[in-house]
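Under the working numbering, think of the first position of the sequence shown as 259, with each following residue one higher.
Note that beta-carbon positions come from the ideal geometry of N, C-alpha and C, so glycine has one too.
First the structure, in the form of structure tokens, and then the observations on it.
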Amino acid sequence: MMPDLVEESRKVITASSDHVDELDDLNEISIRTGAIGGFVLKSNQYGKVINQKVNVLKNTANNLSRSTTPEDDRKQISDAFSTIADLFNAEGKMLSYATWTAASAGVGADRTWKHLLKQKRNTKR
Numbered sequence: 259m260m261p262d263l264v265e266e267s268r269k270v271i272t273a274s275s276d277h278v279d280e281l282d283d284l285n286e287i288s289i290r291t292g293a294i295g296g297f298v299l300k301s302n303q304y305g306k307v308i309n310q311k312v313n314v315l316k317n318t319a320n321n322l323s324r325s326t327t328p329e330d331d332r333k334q335i336s337d338a339f340s341t342i343a344d345l346f347n348a349e350g351k352m353l354s355y356a357t358w359t360a361a362s363a364g365v366g367a368d369r370t371w372k373h374l375l376k377q378k379r380n381t382k383r
């Protein structure tokens, strides 16, 4: 009777620790997925900013080609350089978010692979 109770207790403890490990893995995957989604959204946001600034720069170039006075030329060139600076800034931010997206995708990949292999082995039994 007593050895049976000990064995049953051992099974329950082992099963509950497996569930805790699975919950930890699921929480990690959820956090990673949320981070990837957020970083992709921010990257797309800065991509749209870049497209807007490119259109502004094209517009400034057209205005510069039509300007008639040196004062207009200087103003258009100044606007162009300001827009180029904004472009570089947005591109840098977009690149950093793209890098964080790639890094988030790779974090824990080895543990996820091991977990998937373990699940595959368990389903074969």
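- In the displayed model, VAL365 falls within coil according to three-state DSSP, outside both helix and strand.
- Minimum Cα-Cα distance from SER340 among the listed residues TYR355, THR327, VAL312, SER301 corresponds to VAL312.
- Classified as exposed, GLN303 has fewer than 16 neighbouring CB atoms from the shown chains inside 10 Å of its CB.
- Note on PHE297: 16 or more other CB atoms within 10 angstroms of its CB, so buried under the neighbour-count rule.
- With respect to the C-alpha of THR291, the residue from GLY305, THR381, LEU322, ALA360 having the closest C-alpha is ALA360.
- Under the three-state reduction of DSSP output, THR326 falls in the coil class, being neither helix nor strand.
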